[in-house]
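Residue numbers (our numbering), protein chains in the order written: chain A, 1 to 306; chain B, 307 to 612.
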């Protein structure tokens, strides 16, 4: 039997596909983080690159409000920039669509994209359309980050606290279409040296927290009772639903009280919650929660994504 | 009846979708050219951005050599950079694939991408994979161009000669998988002030020459007998087959003899052929050739692309 994508997870697939890639000295951060970071900009800034695709009947359906589908496509990428403390500036849109797609529906999708792009100061500088038998909306975005702020997911240290913004779980009831990407919050957090690592929660804490730990060569212990559950959600959902688009970070434990107090003043309407601790490899503890987050190929995810 | 993508052409679709887009002063060149160009780089350079997607059973099939499919995905974008006189530096790969796709096939595709990226000094800095019911390989690339060289497709003047590199037609017999993108040639041509406008021939002369003329507010007269036909092809095929990935340009007629002679010394193995003339709107002449080039939605293209 030939091995197929169904047999291996998304992370393992990317690892195999990208092995053999040689990078030169312009690359600060290649595959594996929220965004790629390369040199080339003046004044102590780095260029930040990101692509993100939404597939019809996987990430959205034609029954959802079209303008919110477009909004989501752009907001997901802004969220990734936020997780790096970076500022998005220019975007391109790649659209694959069946020939029978109604023009009016697509115009609504683009209207949603244009509106949120304007709101965040992002220029839509082009893209491409081509025919296919399934809708795909892929966004490619560039922007900048101060070299000093550039926050990888691999920077967590043993003893750092696991901290998240906002509430988790139940996003597919609607929040996945209307979430506010944590751009300002991400920039604020990236400017604080107490924050050692950051990423956004797109595939769910169950998938993304182990990723951050692994990238940092660590494991983690979760305080399940501390999980900030969205209204109507339990800890299992907060752990594994995904599409939260909140920020996950590693915070120096000595600095936590001060960071937490400053956060409360800067963002009084958004919670910042300590939910666990990063520990040395070998001393972590897999939580006894249900579900494992979303994997694009081994697919133990939500109804929509299945 | 609702209007669908089948009812309007690709160019009209993009025009409608992108209407309402507001650009700020950082954008030198937005949607509508081979690449987008924005400010931000030091030393008189601009940042160049491009995305390009290939769809399974539209641009390639799984029966084609997988490494050449990967090579083509990257080469198409290098070709667009060549058409701007720009240098590509960093690329991201978006892969949409069915779960039953063989891992080995994808590894071969990526092997082809990695090889040509290395050859052209392009860093593969990341990307994304997601599940879908059709293969899509989308490449997003950034690079740089000297502000002084930045060659739009809209710069043609009435009286300029229509000039193309290489031979045209019959690409789907194999050349569409093995073509050498005109990167060096594009940079050389962009550095010559006799060249007023340039683009690459991806959808075919029948589609791309009218595009250049329209972008420049002009029409054209074609010398059909002068078309450089690939071996075994007639003028109709050279006109409309597409996927040539040669360069199309507008050249100041007074400078043509000198440019042509210098070209012959710089690139003795590649022809540079004058095939017509740009003229004022109203005085052009639609060639009496068959076929109209490739449109992604109204689809009067080749067997493969249909």
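Yeah, the Cβ is synthetic: ideal placement off N, Cα and C, and Gly gets one too.
Can you tell me whether residue i is helix, strand or coil according to DSSP?
i: residue 288/B; result: It is not possible to answer for residue 288/B, since the shown part of chain B is limited to 307 through 612.
i: residue 275/A; result: strand
i: residue 53/A; result: strand
i: residue 143/A; result: strand
i: residue 485/B; result: coil
i: residue 456/B; result: coil
i: residue 609/B; result: A caution first: residue 609/B carries a pLDDT of 32, below 50, which makes its placement in the model unreliable, though a value can still be read off. In this structure, residue 609/B counts as coil in the three-state DSSP scheme.
i: residue 250/A; result: strand
i: residue 392/B; result: coil
i: residue 367/B; result: coil
i: residue 123/A; result: strand
i: residue 39/A; result: coil
i: residue 567/B; result: helix
i: residue 525/B; result: strand
i: residue 8/A; result: coil
i: residue 312/A; result: Here chain A has residues from 1 to 306 only, and residue 312/A is not among them.
i: residue 107/A; result: helix
i: residue 400/B; result: strand
i: residue 200/A; result: strand
i: residue 270/A; result: coil
i: residue 138/A; result: strand
i: residue 163/A; result: strand
i: residue 501/B; result: strand
i: residue 117/A; result: helix
With a cut-off of 8 Å on the beta carbons, I'd call residue i and residue j a contact; round off their distance for me.
i: residue 505/B; j: residue 554/B; result: 5 Å
i: residue 251/A; j: residue 136/A; result: With a Cβ gap of about 37 Å, residue 251/A and residue 136/A do not count as contacting.
i: residue 432/B; j: residue 31/A; result: 4 Å
i: residue 496/B; j: residue 460/B; result: Actually they are not in contact, since the Cβ atoms of residue 496/B and residue 460/B sit about 15 Å apart, beyond 8 Å.
i: residue 41/A; j: residue 396/B; result: Incorrect: roughly 12 Å between the Cβ atoms, too far for contact.
i: residue 383/B; j: residue 358/B; result: 5 Å
i: residue 55/A; j: residue 438/B; result: 4 Å
i: residue 446/B; j: residue 140/A; result: 4 Å
Give a yes or no on whether the C-beta atoms belonging to residue i and residue j are separated by under 9 Å.
i: residue 278/A; j: residue 240/A; result: no
i: residue 444/B; j: residue 380/B; result: no
i: residue 531/B; j: residue 541/B; result: yes
i: residue 38/A; j: residue 27/A; result: yes
i: residue 178/A; j: residue 71/A; result: yes
i: residue 507/B; j: residue 582/B; result: no
i: residue 415/B; j: residue 373/B; result: yes
i: residue 4/A; j: residue 405/B; result: yes
i: residue 46/A; j: residue 146/A; result: yes
i: residue 524/B; j: residue 572/B; result: no
i: residue 480/B; j: residue 576/B; result: no
i: residue 511/B; j: residue 533/B; result: yes
i: residue 121/A; j: residue 330/B; result: yes
i: residue 595/B; j: residue 500/B; result: no
i: residue 181/A; j: residue 81/A; result: yes
i: residue 95/A; j: residue 401/B; result: no
Within 10 angstroms of the Cβ of residue i, are there 16 or more other Cβ atoms? Answer buried if so, exposed if not.
i: residue 186/A; result: buried
i: residue 591/B; result: exposed
i: residue 308/B; result: exposed
i: residue 124/A; result: buried
i: residue 19/A; result: exposed
i: residue 385/B; result: buried
i: residue 319/B; result: buried
i: residue 548/B; result: buried
i: residue 537/B; result: exposed
i: residue 113/A; result: buried
i: residue 169/A; result: buried
i: residue 117/A; result: buried
i: residue 129/A; result: buried
i: residue 10/A; result: buried
i: residue 321/B; result: exposed
i: residue 254/A; result: exposed
i: residue 589/B; result: exposed
i: residue 83/A; result: buried
Using a Cβ distance threshold of 8 Å, determine whether the segment 401 to 420 of chain B contacts the segment 449 to 460 of chain B, with at least three qualifying pairs required.
no
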